[in-house]
Amino acid sequence: MLRPNRSLSPQGFVVVIGLCFGFMMIPLIPLLGTMALWAMLPFLLGAIALLWYFIRRNTADGALTERLVLSDRLIRVTRHNPRGPAQEWQANPYWTSLTLHATGGPVENYITLKGSGREIELGAFLSPEERAALHAELEEALARARATATPGAS
């Protein structure tokens, strides 16, 4: 199963929001007791609210997963999107081609699988090094599957 790297833990989220709130309130100290405090406060709280929203949105986008199942008769990729329905693709591994586009793709080391009349991307959310390693592992696994696969249509 492939999933994006999540570097900010829930505890880290609390620390980031707390530190940002604390540091953004420092400029308000000289304004205590003045009308200027009430003029500045909504903007600073709005900035904290936007930071909260976008970090939470990023975390939700990290719920993206791709599951690849490979046997001698079938290769299946199921992509679970954070907002939207799951997408599924399957083909006979004997007729499936795997391509690593080192340059020229939307990302460096772009991986595609082609079979059953469709071409799909795989692991676009991974780092270039992770995609290269995935390509090598998948190429080896496909070669093993092809060795025992039957060339029947899928």
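Numbering (the numbering used here), first residue to last: 18 to 171. All C-beta atoms, glycine included, are put in the ideal place defined by N, C-alpha and C. Since this is a predicted model, take the numbers as computed values, not measurements.
If you follow the alpha helix (DSSP H) that residue i is part of, which residue opens it and which one closes it?
| i | result |
| --- | --- |
| valine 32 | 27-42 |
| leucine 155 | 145-165 |
Can you give the Cα-Cα distance for residue i and residue j, rounded to whole angstroms?
| i | j | result |
| --- | --- | --- |
| alanine 141 | isoleucine 128 | 7 Å |
| tryptophan 69 | leucine 130 | 37 Å |
| threonine 115 | methionine 57 | For the record, residue 115 in the displayed sequence is leucine; it is not threonine. Taking the straight line joining both Cα atoms gives about 56 Å. |
| alanine 34 | asparagine 126 | Sequence inspection shows isoleucine at residue 34; the alanine mentioned does not correspond to that position. Cα-Cα distance, rounded: 35 Å. |
| arginine 100 | asparagine 75 | 12 Å |
| histidine 152 | proline 123 | 16 Å |
| arginine 84 | isoleucine 92 | 11 Å |
| glutamate 154 | phenylalanine 71 | 35 Å |
| leucine 139 | threonine 113 | 13 Å |
| proline 21 | glycine 39 | 30 Å |
| valine 28 | proline 168 | First, the amino acid is wrong: residue 28 is glutamine here, not valine. So the alpha carbons of these two residues sit roughly 51 Å apart. |
| leucine 36 | leucine 143 | 29 Å |
| glycine 63 | glycine 121 | 40 Å |
| valine 31 | histidine 118 | 39 Å |
Kindly list the residues whose CB is nearer than 6 Å to the CB of residue i, restricted to its own chain and excluding five residues on each side of it in sequence; keep chain order.
| i | result |
| --- | --- |
| leucine 87 | Ala158, Ala162 |
| alanine 26 | It is worth fixing the name first, because residue 26 is serine in this sequence and not alanine. So no residue of the chain qualifies. |
| leucine 19 | Glu83, Gly140 |
In chain order, what residues of the same chain have a beta carbon less than 8 Å from the beta carbon of residue i, not counting five sequence neighbours either side?
| i | result |
| --- | --- |
| leucine 45 | Leu54, Met57, Leu58, Leu61 |
Please report the residue range of the beta strand (DSSP E) in which residue i lies.
| i | result |
| --- | --- |
| isoleucine 137 | 135-139 |
CB-CB under 7 Å to residue i, same chain, minus the five flanking residues each way: which ones, in chain order?
| i | result |
| --- | --- |
| alanine 103 | Thr95, Arg96, His97 |
Is there contact between the stretch 45-61 and the stretch 96-113, where contact requires at least three CB pairs shorter than 8 Å? no
Which complete beta strand (DSSP E) runs does the stretch 54-130 hold, if anything under 3 residues is left out? 82-87, 92-97, 104-108, 114-118
The stretch 90-108 / the stretch 133-140 touching (three or more Cβ pairs under 8 Å): yes
Three or more C-beta pairs closer than 8 Å, one from the stretch 70-80 and one from the stretch 143-151: is that the case here? no
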